Amino acid sequence: MSHIIHRSFRNAPATAVSGQGVTLRDSLGREYLDGSSGAAVSILGHGHPDVIAAMHAQIDRLNYAHTSFFTTEIAEELADELIRSAPQGLSDVYFVSGGSEAVEAALKMTRQYFLEIGQPQRTKFIARRQSYHGNTLGALAVGGNESRRMPYAPILIPVTHVSACYPYRDLHANETDLQYGQRLAGELEATILREGPESVMAFIIETVGGATAGVLTPVPGYLRAVREVLDRHGVLLILDEVMCGMGRTGTLYASEQEGVVPDLVTIAKGLGGGYQPIGAVLVQRKIVEAMSKGSGSFLHGHTYIGHPVACAAALAVQRVIQRDGLVQRVRENGTAFGTMLREQLADHPHVGDIRGRGLFWGIEFVSDRSTKAPFDPSLQIHAVLKKTAMKNGLLCYPMGGTIDGKRGDHVVLAPPYIATLDELQQIASRLATSVNEVLKSAATATSPVAA
Ligand code: PLP
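Here this note's numbering is used: position 393 in the sequence shown is 393, and no number is missing along the way.
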């Protein structure tokens with residue numbers, strides 16, 4: 001009998017006992033290929049000797065020092081490294097312990113910025129439907145996944161949500177990707193005007209949508225058009241790269257491929273690669289200057305910010321990424337992985353869309369390809385797929401509610417950057433085997449289309 005409140009009260013999780021490279025093992029001796037790096041976390045796989053050595057060295061030197069008394073060499077080094085490799089314009093770092101904390105800090109820093117520059121009337125955030133920004137109350141409020149928000153809606157700050165960039169479902173007939181992006185930017189501007197431009201603080205979005213929408217890549221020109229709209233109205237751009245950042249899409253920051261620099265960007269998962277809990281917000285100088293000239297501090301803080309062992313792990317992860325050319329490898333192997341997924345699954349009668357960038361791929365399932373109708377949510381296709389894939393020795397990251405928080409099923413694949421082409425092929429094959437198993441029975445249950 002476990003005393004842990006696990007994720008589900010109905011299904012006891014397997015017990016993980018060891019991990020090496022892209023493989024995890026459980027207490028029954030079963031092995032799993034980590035096709036999703038957990039939840040896009042373990043970018044260097046498991047048991048990386050360089051990261052472990054850096055953590056050991058840091059623990060031996062200094063395990064912890066509270067940031068109200070001290071800074072540490074390792075935190076300073078990590079901050080220097082992050083700013084050195086960040087898009088031009090980002091100049092300062094605030095450390096936290098995970099993605100939700102990074103989003104909370106970004107939201108609060110945005111509010112403080114407007115107070116400091118004499119615009120206290122700016123109080124509103126705009127975000128996108130189908131987004132995920134974390135589970136703390138502020139992050140959940142800006143998040144656009146209806147089923148996650150619903151239980152807590154009465155206690156969330158009010159946030160206005162606009163459309164996601166979701167061409168598979170929302171691109172009009174006879175509309176180009178470019179026109180679609182402009183239409184979305186127009187919707188954003190209309191929303192800002194309706195809310196009152198002087199009252200809006202920031203627009204927060206995942207540069208590449210992740211967990212709740214199944215990897216939504218922005219159409220060309222969309223983010224640049226968004227940036228222009230925001231600049232016209234003095235509204236800040238917060239990019240949430242907790243999942244898509246740190247090389248996952250083939251550039252260290254996903255925004256590099258869009259030609260925009262955010263005012264604030266959140267990172268987490270790949271920053272520590274699962275070796276330690278760590279996240280960060282990187283911001284532009286004007287924000288730090290406003291706080292420095294005004295209150296003299298960021299009116300925020302947690303006990304574990306800038307934890308030395310977490311910083312040591314993250315710095316080691318960054319150094320391995322650079323030394324081993326892993327961002328370049330993500331680009332190259334990512335293209336190959338996309339081809340593998342398409343070869344295995346593009347013709348499947350229940351695969352509606354295969355989309356992604358780098359080593360970050362989403363597959364959306366439908367009951368009927370011609371109408372794009374989703375499966376009946378009661379079938380819980382995503383949950384069955386997760387279980388079946390584990391039985392077949394694969395960890396992947398499926399979720400339901402792709403379309404509107406209730407309907408739709410997808411799976412996210414986000415292999416460790418160190419995965420070999422052979423391992424990527426095995427991930428694609430085990431996924432295809434699992435999809436075939438699950439959707440054959442689902443098809444006979446709900447649809448005349450046989451799998
Ligand atoms: N933001 C994004 C884009 C995420 O994908 C996640 C987690 O999946 C979070 C924030 C929250 O991060 P955490 O679970 O570390 O709090």
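We put the beta carbon where it would ideally sit given N, CA and C, even for glycine. Just so we're clear, the structure is a prediction, and the values are computed from it rather than from any experiment.
Query - Residue closest to Ile418, alpha-carbon to alpha-carbon, out of Pro13, Arg169, Arg329, Ala173 - result: Arg329
Requested in this report: Scan the segment 230-285 and note each continuous beta strand (DSSP E) run of 3 residues or more that stays entirely inside, going in chain order.
Outcome: 236-240, 264-267, 279-284
**Report entry** Simplified DSSP assignment, three categories, for Gly98
**Finding:** coil
Report task. Identify which residue in Phe9, Thr191, Arg224 has its Cα closest to the Cα of Gln179. Result -> Arg224
**Report entry** CB of Val215 within 8 Å of CB of Gly209, strictly
**Finding:** yes
**Report entry** Candidates Lys406, Leu395, Glu258, Gly362: closest to Leu379 by CA position
**Finding:** Lys406
Query raised in the report: If you measure from each residue's Cβ to the nearest non-hydrogen atom of the ligand PLP, which ones come out under 6 Å, in chain order?
Result: Ala39, Gly98, Gly99, Ser100, Val103, Tyr132, His133, Gly134, Glu206, Gly210, Ala211, Asp240, Val242, Met243, Ala268
Query raised in the report: Is the segment 78-97 in contact with the segment 308-318, if contact means three or more CB pairs nearer than 8 Å?
Result: yes
Query raised in the report: How big is the Cα-Cα spacing for Ala254 and Glu241?
Result: 7 Å
Report task. Note down, one range per segment and in chain order, each beta strand (DSSP E) of at least 3 residues found wholly within the segment 121-188. Result -> 124-128, 160-162
Query raised in the report: Are the Cβ atoms of Phe360 and Arg248 separated by less than 8 Å?
Result: yes
Query - Cβ contact (3+ pairs, closer than 8 Å) linking the segment 274-283 and the segment 83-93 - result: yes
Query raised in the report: Which residue's Cα is closest to the Cα of Ala383: Leu395, Gly400, Thr371?
Result: Gly400
Report task. Below 7 Å CB to CB, which residues in the same chain sit around Arg194 once its five sequence neighbours on both sides are set aside? Result -> none
Query raised in the report: Where in the segment 337-391 do unbroken runs of the beta strand (DSSP E), each at least 3 residues long, occur, reported from the N-terminal end onward?
Result: 351-357, 360-365
Query raised in the report: Any contact of the segment 419-436 with the segment 336-347, i.e. 3+ C-beta pairs under 8 Å?
Result: yes
Query raised in the report: For Met55, which three-state DSSP category applies?
Result: helix
Query raised in the report: Over what stretch of residues does the beta strand (DSSP E) that includes Gln20 continue unbroken?
Result: 16-20
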